[in-house]
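Below is one structure, written out as structure tokens; comments come after it.
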Amino acid sequence: MNELDQAATTGKIPSSLLRRWEHALEDVALWRFNPCVVHGDLHEDNLLVDGDSVTAVTGWTDLRIGDPADDFAWLVASNEQKFVESVLRHYTEARRDTPDSHLLRRSALLAEFALAQYLVKALAAGHSEMTAEAEAMLKSLADDIEEQNALAAEEAEAAAAERAAADGLAAPAVVIGSEAKAPAGGPAKPR
Numbered sequence: 000m001n002e003l004d005q006a007a008t009t010g011k012i013p014s015s016l017l018r019r020w021e022h023a024l025e026d027v028a029l030w031r032f033n034p035c036v037v038h039g040d041l042h043e044d045n046l047l048v049d050g051d052s053v054t055a056v057t058g059w060t061d062l063r064i065g066d067p068a069d070d071f072a073w074l075v076a077s078n079e080q081k082f083v084e085s086v087l088r089h090y091t092e093a094r095r096d097t098p099d100s101h102l103l104r105r106s107a108l109l110a111e112f113a114l115a116q117y118l119v120k121a122l123a124a125g126h127s128e129m130t131a132e133a134e135a136m137l138k139s140l141a142d143d144i145e146e147q148n149a150l151a152a153e154e155a156e157a158a159a160a161e162r163a164a165a166d167g168l169a170a171p172a173v174v175i176g177s178e179a180k181a182p183a184g185g186p187a188k189p190r
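25 is the number that numbering that gives the first Met the number 0 gives to position 26 of the sequence shown; each next residue is one higher, with no gaps.
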């Protein structure tokens, strides 16, 4: 059984997340990437930092060839947008191949799915506190995504309305009412 099916069978994953992950798995373009050397367990505890500079990376036991999104998942989950952008810019500049336009999306999906993996492990180990924590994090994630989607939809509607108004496609005003009185001897004109 694959990991998504295993997570789904718990009955504890919000259905909106399961649908999101299933759709992502079906998006072939999303999963086209150039495999490269990945750390496999990259996170802040494996970085030695001096001021604003990373001076060393430790913990190479999971080194392999794979999806670079594996190493970016923790970064995307950190919610430090400026840091994410800086790391991505440096990473892209250091690579010789074409930048991966789906890297951050895959990274975000992997970070999301890590919560489902955490839930499955907690259930398998019989840890009720960890299970409750995982369920709460998944619910919070589902709520955050729903809120982001609603906001994006509102912004798209507003942008479409602005474009329509700028293009003169706004709905014309309709005058409904009685006819104005015409000067003596002239025809009546609508208002």
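Each residue gets a CB set at the ideal place from its N, CA and C atoms; glycine is no exception.
Taking the Cβ atoms as the reference, Phe32 lies roughly 6 Å from Asp66, within the contact range of under 8 Å. Excluding residues up to 5 positions away in sequence, Leu3 lie with their Cβ nearer than 8 Å to the Cβ of Glu21 in the same chain. At a Cβ-Cβ threshold of 8 Å, Ala110 and Ala76 count as neighbours. Taking the CA atoms as reference points, Asn1 sits about 10 Å from Ala7. Boundaries of the alpha helix (DSSP H) harbouring Thr130: Ser127 to Ala165, taken from the DSSP string. For the options Arg63, Trp30, Glu161 and Asp49, the alpha carbon positioned closest to that of Arg104 is the one of Trp30.
Among the bridge pairs identified by DSSP, Gly10 is matched with none. Put simply, the backbone Cα of Asp143 is about 26 Å away from that of Arg88.
Under the 10 Å beta carbon count, Ser106 is surrounded by 16 or more other beta carbons and is classified as buried. Assignment of Asp49 by DSSP, reduced to helix, strand and coil, places it in the strand class. In this structure Leu41 touches Trp73 by the C-beta definition: roughly 6 Å separates them, less than 8 Å. For Arg88, the uninterrupted alpha helix (DSSP H) segment begins and ends at Gln80 to Ala93. Going by DSSP, Val37 is part of the beta strand (DSSP E) stretching over Cys35 to Val37. Burial of Thr130 is indicated by the presence of at least 16 other C-beta atoms within 10 angstroms of its C-beta.
The criterion of a C-beta distance shorter than 8 Å is not satisfied by Leu102 and Ala155. Its chain contains Ala133, Met136, Leu137 and Leu140 as the residues whose beta carbon lies nearer than 7 Å to that of Leu114, once the 5 sequence neighbours on both sides are disregarded; these appear in chain order.
Between Glu145 and Ser14, the C-beta spacing is not below 8 Å. Rounded to whole angstroms, the separation of the alpha carbons of Val86 and Ala93 is 11 Å.
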